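The opening residue of the sequence shown carries number 1050 in the working numbering; numbering runs sequentially from there.
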Amino acid sequence: MKKINFSAGPSILPQQTIEETAKAILDFNSSTLSLMEVSHRGKDFIAVMDETIALFKELLNVPEGYSVIFLGGGASLQFCMVPFNLLEKKAAYLNTGTWASKAQKEAKLFGEVIEVASSKADNFSYIPKDYTIPADADYFHITTNNTIFGTELHTDLDSPVPLIADMSSDIFSRVIDVSKYGLIYGGAQKNLAPAGLTFVIVKDEILGKVSRKIPTMLDYKTHIENESMFNTPPVVPIYAAMQTLRWLKANGGVPAMEKKNKEKAALLYAEIDRNPLFVGTAAKEDRSIMNVCFVMAKGHEEKEADFSKFAVSKGLDGLKGHRSVGGFRASIYNAMPVEGVQALIDAMKEFEKQNA
Ligand code: PMP
1050 MKKINFSAGP
1060 SILPQQTIEE
1070 TAKAILDFNS
1080 STLSLMEVSH
1090 RGKDFIAVMD
1100 ETIALFKELL
1110 NVPEGYSVIF
1120 LGGGASLQFC
1130 MVPFNLLEKK
1140 AAYLNTGTWA
1150 SKAQKEAKLF
1160 GEVIEVASSK
1170 ADNFSYIPKD
1180 YTIPADADYF
1190 HITTNNTIFG
1200 TELHTDLDSP
1210 VPLIADMSSD
1220 IFSRVIDVSK
1230 YGLIYGGAQK
1240 NLAPAGLTFV
1250 IVKDEILGKV
1260 SRKIPTMLDY
1270 KTHIENESMF
1280 NTPPVVPIYA
1290 AMQTLRWLKA
1300 NGGVPAMEKK
1310 NKEKAALLYA
1320 EIDRNPLFVG
1330 TAAKEDRSIM
1340 NVCFVMAKGH
1350 EEKEADFSKF
1360 AVSKGLDGLK
1370 GHRSVGGFRA
1380 SIYNAMPVEG
1390 VQALIDAMKE
1400 FEKQNA
């Protein structure tokens, strides 16, 4: 039996995505050729790219005036591409975790960075709420889900300047109002596809306003004008993304995912709050519905290794927390069935009994 995959990323994908991609790797569209060896400019792959972008736009309700592009380089390259393309004088950043800090570090190479608020002093266990976004900033950057610390912004913020969001680990997990954002980006390796693919949703009118020269490959306009085909795109991850988006659509789209994700998260947090052996690390109101972080409760710290082993014996994989938080992190992305979450809860209950 397949293990239950709680890994933070690369992470669980719909079985359909994995099987259909495996089939296409052996024989793409009955061509006898592998998806890995066909031209990205052939008509069969162009149809894949077109369908993937169309589904991406449809499922997120991307309004007119926005482009969706697929790039390489991971979300980490976006930490630099965003300021390269958008920062003329100064930008505002909300510091909610390791990835947010890394994004901010890159922006400092291009201009002044205002950190409007930070929860660093409390090991990023909450999302700061009281801050002012400077109205003269070129943009305001947020990380909507903090994969390492298990905190999440649950609403689309109002911002007087273009709102830029790293949605690597919560894209397609809840309904968002794209029109409130100037740009959304993320690595695909959580809710969408295997690693190697980066998505960017950008409002066309925010581009072309900086005075610096932008290298061709780092200019969003290049990729918009060339429909993500300026250079060879990551063909296999794009095909896998198309399969995930088909699966998402067939399963009720983002509203249905949001409902299911909230139910899964509520079940797991309820057990963490009930079970005397465990305690959640994120502030309750900011708890992520994607990455659920918890540690052994006070007085039970020495049982951590035992629970780790116990979980592995139950077929639960990838639960180890990030080293900066410790303990455990259950990543329960879209493809995680409620049965997977229930298996973890059952293991926590059984461990509690054994340690009574
Ligand atoms: N931002 C967030 C929120 C992430 O979770 C990650 C990766 N876990 C990154 C950025 C970095 O992504 P990549 O590895 O694709 O550069």
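Glycine included, every Cβ here is placed at the ideal spot set by N, Cα and C.
The model shown is predicted, which means the values in this text are computed figures rather than measured ones.
Query, Result
"Return the first residue and the last residue of the alpha helix (DSSP H) that Lys1139 is part of.", "Unbroken run through Lys1139 is the beta strand (DSSP E), 1139 to 1144; no alpha helix (DSSP H)."
"Taking 8 Å as the line, does the beta carbon of Gly1235 fall inside it for any heavy atom of the ligand PMP?", "yes"
"Under three-state DSSP, which class holds Glu1276?", "coil"
"Is any heavy atom in the ligand PMP found nearer than 8 Å to the beta carbon of Ile1197?", "yes"
"Can you name, in chain order, every residue of its own chain whose Cβ lies under 8 Å from the Cβ of Lys1229, other than the five neighbours on each side?", "Asp1205, Leu1206, Asp1207, Ser1208, Leu1212"
"Tell me whether the beta-carbon of Leu1316 lies closer than 9 Å to the beta-carbon of Ile1197.", "no"
"To which residues of the same chain is Phe1343 closer than 7 Å at the C-beta, ignoring the five residues directly before and after it?", "Ile1321, Phe1327, Val1328, Gly1329, Thr1330, Gly1376, Phe1377"
"Skipping 5 residues on each side, what residues in its chain have a beta carbon closer than 6 Å to that of Ala1314?", "Ile1338"
"With distance defined between alpha-carbon atoms, name the residue in Glu1201, Ser1083, Thr1066 nearest to Ile1074.", "Ser1083"
"When you compare the region 1272 to 1290 with the region 1235 to 1248, are there three or more beta-carbon pairs, one atom per stretch, that lie closer than 8 Å?", "yes"
"Out of Pro1177, Ile1225, Gly1367, state which residue places its alpha-carbon closest to the alpha-carbon of Pro1304.", "Ile1225"
"Assign Ser1362 to one of two classes, buried (16 or more other C-beta atoms within 10 Å of its C-beta) or exposed (fewer than that).", "exposed"
"If the criterion is Cβ atoms closer than 9 Å, does the pair Phe1055 and Ser1357 meet it?", "no"
"Residues in the same chain with beta-carbon distance under 7 Å from Asn1078, minus the five sequence neighbours each way, listed in chain order, please.", "Asp1093"
"Of all the options Lys1252, Glu1334, Arg1323, Gly1199, which has the alpha carbon lying nearest to the alpha carbon of Trp1148?", "Gly1199"
"May I ask whether a heavy atom of the ligand PMP can be found less than 8 Å away from the beta carbon of Gln1238?", "yes"
"Name the two residues that bound the continuous alpha helix (DSSP H) containing Asp1253.", "No alpha helix (DSSP H) contains Asp1253, which DSSP labels as neither H nor E."
"Check whether the Cβ atoms of Ala1384 and Leu1062 lie closer than 9 Å to each other.", "yes"
"On the DSSP letters alone, give me the boundaries of the alpha helix (DSSP H) that Leu1212 sits inside.", "First-last for Leu1212: 1212 to 1215, but that is the beta strand (DSSP E), not the alpha helix (DSSP H)."
"Just to confirm my understanding: we take Ala1141, look at its own chain, exclude 5 residues before and 5 after, and list those with CB closer than 6 Å. What are they?", "Ile1163, Val1165, Ile1182, Pro1183, Ala1186, Phe1189"
"If you draw a straight line from the C-alpha of Thr1265 to the C-alpha of Arg1336, how long is it?", "40 Å"
"Is Ser1218 closer than 9 Å to Ala1332 when the C-beta atoms are compared?", "no"
"Could you tell me whether any non-hydrogen atom of the ligand PMP is closer than 8 Å to the CB of Ser1088?", "no"
"In angstroms with no decimal places, state the Cα-to-Cα distance between Leu1126 and Leu1135.", "14 Å"
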